[in-house]
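Below is one structure, written out as structure tokens, with a few remarks after it.
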Amino acid sequence: MQGHEFYEQIAGAYRDSGATAADILCDRHDPATTAYTIADGDSIVRVTYGELRRQSIELANAMRQLGIKPGSRVATLLGKGPELITIMVATWRIGAVYLPLFTAFATPAIDFRLRTADAALVFTDQAQRGKLPVSNSNPWRVVVVGESAETIDTDISYTELIDGASPDEDSPSYVQGPDGEFVHIFTSGTTGQPKGVIHPLRHAAGWQSYLEYGLGVTADDTYWCAADPGWAYGLYSAVIAPLAAGTGTVLQTGNFEPHRAWSLITDAKVTNFSAAPTVYRAIRSAYPHLSGTTTLTKLSSCGEPLTPEVNVWALSELGQLVYDDFGQTEVGMIFSNPHHPDLAKPVVPGSMGYPLPGWSATILAEEKEEVLSAGEIGRVAIDTHNSPAMTFTNYQDPTKSASRFSADGRYYILGDLGSQDESGAFRFSARDDDVIIMAGYRIGPFEIESVLSKHPSIAESAAIAAPDKERGEVLEAYIVLRPDEVPSDQLATDIQVFVKQNYAAHAYPRRIHFVPELPKTPSGKIQRAVLRQQRREELEAETSE
Numbered sequence: 001m002q003g004h005e006f007y008e009q010i011a012g013a014y015r016d017s018g019a020t021a022a023d024i025l026c027d028r029h030d031p032a033t034t035a036y037t038i039a040d041g042d043s044i045v046r047v048t049y050g051e052l053r054r055q056s057i058e059l060a061n062a063m064r065q066l067g068i069k070p071g072s073r074v075a076t077l078l079g080k081g082p083e084l085i086t087i088m089v090a091t092w093r094i095g096a097v098y099l100p101l102f103t104a105f106a107t108p109a110i111d112f113r114l115r116t117a118d119a120a121l122v123f124t125d126q127a128q129r130g131k132l133p134v135s136n137s138n139p140w141r142v143v144v145v146g147e148s149a150e151t152i153d154t155d156i157s158y159t160e161l162i163d164g165a166s167p168d169e170d171s172p173s174y175v176q177g178p179d180g181e182f183v184h185i186f187t188s189g190t191t192g193q194p195k196g197v198i199h200p201l202r203h204a205a206g207w208q209s210y211l212e213y214g215l216g217v218t219a220d221d222t223y224w225c226a227a228d229p230g231w232a233y234g235l236y237s238a239v240i241a242p243l244a245a246g247t248g249t250v251l252q253t254g255n256f257e258p259h260r261a262w263s264l265i266t267d268a269k270v271t272n273f274s275a276a277p278t279v280y281r282a283i284r285s286a287y288p289h290l291s292g293t294t295t296l297t298k299l300s301s302c303g304e305p306l307t308p309e310v311n312v313w314a315l316s317e318l319g320q321l322v323y324d325d326f327g328q329t330e331v332g333m334i335f336s337n338p339h340h341p342d343l344a345k346p347v348v349p350g351s352m353g354y355p356l357p358g359w360s361a362t363i364l365a366e367e368k369e370e371v372l373s374a375g376e377i378g379r380v381a382i383d384t385h386n387s388p389a390m391t392f393t394n395y396q397d398p399t400k401s402a403s404r405f406s407a408d409g410r411y412y413i414l415g416d417l418g419s420q421d422e423s424g425a426f427r428f429s430a431r432d433d434d435v436i437i438m439a440g441y442r443i444g445p446f447e448i449e450s451v452l453s454k455h456p457s458i459a460e461s462a463a464i465a466a467p468d469k470e471r472g473e474v475l476e477a478y479i480v481l482r483p484d485e486v487p488s489d490q491l492a493t494d495i496q497v498f499v500k501q502n503y504a505a506h507a508y509p510r511r512i513h514f515v516p517e518l519p520k521t522p523s524g525k526i527q528r529a530v531l532r533q534q535r536r537e538e539l540e541a542e543t544s545e
């Protein structure tokens, strides 16, 4: 199922040489239509496209006075409040490039991304301000949304910035064109430090195609994507794609909690819901048996493999199957079990679906560019010659890009192993790297190990993924201590806290294994695969007892 004609119906607006992000995401839509809804407990705030246009124009005018210009990097370290989307659209009106930051990151991870991207301006709030490095040498300025508990002389108040802004609506929006820089985002650092990826404006066409054809979102839906906009899936599926499509979107403030999530689904009468499998598992644990009817008609998941028990529960209690999808930060959403009636096919249990409109994919042999037959396991690859939705050409550091493409440049190698069945459905088999996917978040072992290496008690370490019923996978660490250091529960706790404080609150090792040595290849490379297999066997033995 290629269906490129469906993609072309969307892509035309993005290919126009005069295309502007502000027009595609805001100005072309009916000003009276709701652009997005913010749910904060019992409070519901709805913002129309007309209000978004006015607010983003005012903010863009104020940002220009701060020296923000086309090409400047503007970051947000913010919760999912109404200011978040205003800041995004204002950034693109100027021609600046949006840099998302995940609010669970600690200072070192934030600092790395801001400096690597050369950020000029950061919007944050009281809850996150303390994570930003305070130094006169920082190249970026800071705008604080809401009241700030700490008063820093160089900070700018968001309220005062808006109050002093010009309401002049005649300032033209910047023309990005199809290849103008749009979003600067970072990968998860699977084999090294996170890599910067710069998406052009036309990259969003693939996400709008996914929203309409994969998720099947229509103007009649109440649509909620529960993913965090600090990551690619949440940024595009929860914000950019629905803004572009004019379908409306819902954001819920605060961290995910299953009872709050289910209350929003029922109170807002959500019809179309998308989330990581971990979210479904959490709701299932909180509500194993749901009484009454639900408004949900379309369920989708992405971010980690969808395990069978989720759909057993979903079909029994919600009356719907969860359709699994697959994508990647660099390229966007590629595979889907589509909800759109013109593209729908029988869902193959355990598959990540079929190539979406705009994409062509195949399975290559592991050692050469040979297309494999149905059922054979190999490298999942995009055929770039037949994928008009493909926009990725290289990382911010082009030297890191060569390994992602075949020698002749035709195939983009996703870094995952899988197979394709006779029906054309693709099935995930394994990763050929060591990335950890926990609760839908991709975590690179190198980043975790880099933090662990700074702990005074640790000689060396290896971070791996271990199976977990609730989260799919959890992060665990194998630790070799320095001489004279003694393993203890307290030391394990100290190490966990150290990772939380120096990397991210969500990405700490759930279990610490103290070992005398790590398995290595003859050349000295740590064999994480050996540790993963060892841990799987241990857990299977525990389950069978």
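Counting from 1, one number per residue, gives the positions in the sequence shown under UniProt numbering.
Idealized CB from N, CA, C, for every residue including glycine.
field: C-alpha gap between S423 and E460, whole angstroms
entry: On the sequence shown, residue 423 is found 423 positions in, with the first residue counted as 1. On the sequence shown, residue 460 is found 460 positions in, with the first residue counted as 1. S423 and E460: Cα-Cα distance of roughly 46 Å.
field: Distance, V497 Cα to A462 Cα
entry: Sequence index remark: in the sequence shown, residue 462 carries index 462 (1-based). Sequence index remark: in the sequence shown, residue 497 carries index 497 (1-based). Between the C-alpha atoms of A462 and V497 there is a straight-line separation of about 17 Å.
- request: Kindly indicate which three-state DSSP category K500 falls into: helix, strand or coil?
  value: For this step, residue 500 is matched to residue 500 along the sequence shown. Here K500 sits in helix by DSSP.
message: Which complete beta strand (DSSP E) runs does the region 381-469 hold, if anything under 3 residues is left out?
response: List check, beta strand (DSSP E) in window: 411-420, 426-431, 436-438, 441-443 and 458-468.
message: Whole angstroms are fine: how far does the CA of V530 sit from the CA of S544?
response: In the sequence shown, counting from the first residue as 1, residue 544 sits at position 544. In the sequence shown, counting from the first residue as 1, residue 530 sits at position 530. Spanning the two alpha carbons is a distance of roughly 21 Å.
- prompt: Which whole runs of the alpha helix (DSSP H) in the region 120-192 are 4 residues long or more, in chain order?
  reply: Taking only runs of at least 4 residues, the alpha helix (DSSP H) segments lying wholly in the region 120-192 are 126-129 and 158-163.
task: Measure the C-alpha to C-alpha separation of Q533 and G440 and round it to an integer number of angstroms.
output: Numbered from 1 along the sequence shown, position 533 holds the residue referred to as residue 533. Numbered from 1 along the sequence shown, position 440 holds the residue referred to as residue 440. Whole-angstrom Cα-Cα distance: 21 Å.
message: Can you tell me which residues form a DSSP beta bridge with M333?
response: As a working note, residue 333 is residue 333 in the sequence shown. Paired residues: G327.
message: Using CA atoms only, rank isn't needed, just tell me which of H513, I443 and F426 is closest to I458.
response: Here the question's residue 458 lines up with position 458 in the sequence shown. With distances taken between Cα atoms, I458 lies closest to H513.
- prompt: So, is G130 buried or exposed, given that buried needs 16 or more other C-beta atoms within 10 angstroms?
  reply: Position 130 of the sequence shown, counting from 1, holds the residue named residue 130. That one is exposed.
task: Please report the residue range of the alpha helix (DSSP H) in which N272 lies.
output: Here the question's residue 272 lines up with position 272 in the sequence shown. In this chain, N272 is not harboured by any alpha helix (DSSP H); it is covered by the beta strand (DSSP E) spanning N272 to A275.
task: Answer yes or no: do R528 and P445 have a C-beta to C-beta separation smaller than 9 Å?
output: As a working mapping, residue 528 is identified with position 528 in the sequence shown. As a working mapping, residue 445 is identified with position 445 in the sequence shown. In contact: R528 and P445 (Cβ atoms closer than 9 Å).
Which listed residue (L364, G81, N272 and D416) has its alpha carbon closest to that of S406: Taking the sequence shown and counting its residues from 1, the one referred to as residue 406 is at position 406. Considering only alpha carbons, the answer is L364.
task: With DSSP collapsed to three states, give me the class of M1.
output: The residue you call residue 1 lines up with position 1 of the sequence shown. Confidence at M1 is low in this model, with a pLDDT of 43, below 50, so its placement is unreliable and no value can be given for it.
- prompt: Is E317 helix, strand or coil by DSSP?
  reply: Against the sequence shown, residue 317 aligns to sequence position 317. Here E317 sits in helix by DSSP.
- prompt: According to the neighbour-count rule (16 or more other Cβ atoms, all chains shown, within 10 Å of its Cβ), is L475 buried or exposed?
  reply: Position 475 of the sequence shown, counted from the first residue, corresponds to residue 475. If you draw a 10 Å sphere on the C-beta of L475, you find 16 or more other C-beta atoms in it, and that means buried.
Expected contact under 8 Å - CB spacing of R93 and H184 to nearest Å: The count along the sequence shown starts at 1 and reaches residue 93 at position 93. The count along the sequence shown starts at 1 and reaches residue 184 at position 184. The distance from the Cβ of R93 to that of H184 is about 17 Å, inconsistent with a contact at the 8 Å cut-off.
- request: Kindly indicate which residue of P288, G214 and F428 has the alpha-carbon position closest to the one of G332.
  value: Position 332 of the sequence shown, counted from the start, is the residue given in the question as residue 332. Nearest C-alpha to G332: G214.
- prompt: On the three-state DSSP scale, how would you describe R510?
  reply: For the purposes of this step, residue 510 is identified with residue 510 of the sequence shown, where counting begins at 1. In the structure shown, R510 sits in coil (DSSP, three-state: anything other than H, G, I, E or B).
message: On the CB-based measure, 16 or more other CB atoms within 10 Å of its CB, does K298 come out buried or exposed?
response: As a working mapping, residue 298 is identified with position 298 in the sequence shown. Classification of K298: buried, given that the 10 Å Cβ count is 16 or more.
task: With L481 as the anchor, note down where its beta strand (DSSP E) starts and where it stops.
output: Counting from 1 along the sequence shown, the entry for residue 481 is found at position 481. Residues G472 to L481.
- prompt: Can you name, in chain order, every residue of its own chain whose Cβ lies under 7 Å from the Cβ of S419, other than the five neighbours on each side?
  reply: Translated into positions along the sequence shown, residue 419 becomes position 419. Only I363, G375, E376, I377, R427 and S429 meet the Cβ criterion.
query: G216 to G71, Cα distance in whole Å?
result: If you number the sequence shown from 1, residue 216 lands on position 216. If you number the sequence shown from 1, residue 71 lands on position 71. Distance between the alpha carbons of G216 and G71 is about 34 Å.
message: So, for T48: in the same chain, excluding its five sequence neighbours on each side, which residues have a beta-carbon less than 7 Å away from its beta-carbon?
response: On the sequence shown, position 48 is the one that residue 48 refers to. In the same chain as T48, and ignoring 5 residues on each side of it, the C-beta atoms closer than 7 Å to its own belong to P31, A32, T33, T34 and A35, in chain order.
message: Assuming contact is defined by CB atoms lying nearer than 9 Å, are G472 and T271 in contact in what I supplied?
response: For this step, residue 472 is matched to residue 472 along the sequence shown. For this step, residue 271 is matched to residue 271 along the sequence shown. Against a cut-off of 9 Å, the Cβ pair of T271 and G472 comes out as no contact.
query: For D118, which residues of its own chain have a beta-carbon under 8 Å away from its beta-carbon, when the five flanking residues on both sides are left out?
result: Start at 1 with the first residue of the sequence shown, and residue 118 comes out as number 118. Close CB contacts of D118 within its chain, under the 8 Å cut and outside five residues either way in sequence, are with R73 and P139 (chain order).
- prompt: Name the DSSP beta bridge partners of C225, please?
  reply: Position 225 of the sequence shown, counted from the start, is the residue given in the question as residue 225. Bridge partners of C225: S274.
message: Going by DSSP in three states, L78 sits in which element: helix, strand or coil?
response: Translated into the one-based positions of the sequence shown, residue 78 becomes position 78. L78 carries a coil assignment under DSSP once its states are collapsed to helix, strand and coil.
query: What residue from Y7, L315 and E517 has the CA that sits closest to L290's CA?
result: Working through the sequence shown from its first residue, we reach residue 290 at position 290. Minimum Cα distance to L290 is reached at L315.
task: Can you grab the Cα-Cα spacing for the pair S17 / A282, in whole Å?
output: Translated into the one-based positions of the sequence shown, residue 17 becomes position 17. Translated into the one-based positions of the sequence shown, residue 282 becomes position 282. Between the alpha carbons of S17 and A282 lies a gap of roughly 45 Å.
query: Taking G79 as the reference, which of L235, K195, Q501 and D434 has the closest Cα?
result: Within the sequence shown, numbered from 1, the residue matching residue 79 stands at position 79. The candidate whose alpha carbon is nearest that of G79 is L235.
field: For T294, the nearest candidate out of E309, A276, E304 and D267 (CA to CA)
entry: Reading the sequence shown from its first residue, position 294 is the one you call residue 294. When each option's Cα is compared against that of T294, the closest is D267.
message: One question on the structure: do P357 and P308 come within less than 9 Å of each other, judged by their Cβ atoms?
response: Along the sequence shown, read from residue 1 onward, the residue named residue 357 stands at position 357. Along the sequence shown, read from residue 1 onward, the residue named residue 308 stands at position 308. Against a cut-off of 9 Å, the Cβ pair of P308 and P357 comes out as no contact.
- request: Evaluate S43 with the Cβ neighbour count: other Cβ atoms within 10 Å of its Cβ, from every protein chain shown; 16 or more gives buried, anything less gives exposed.
  value: Within the sequence shown, residue 43 is the residue found at index 43, counting from 1. Exposed, because fewer than 16 other Cβ atoms sit within 10 Å of the Cβ of S43.
- request: Would you mind working out which of A275, E538, K368 and A205 sits nearest Y223, comparing C-alpha positions?
  value: The residue labelled residue 223 in the question sits at position 223 within the sequence shown. Taking only the C-alpha atoms, the option nearest Y223 is A275.
Residue burial classification, Q292 (beta-carbon count within 10 angstroms, cutoff 16): For the purposes of this step, residue 292 is taken as residue 292 along the sequence shown, with counting starting at 1. Correcting the residue type first, residue 292 is Gly in the shown sequence and not Gln. Result: exposed.
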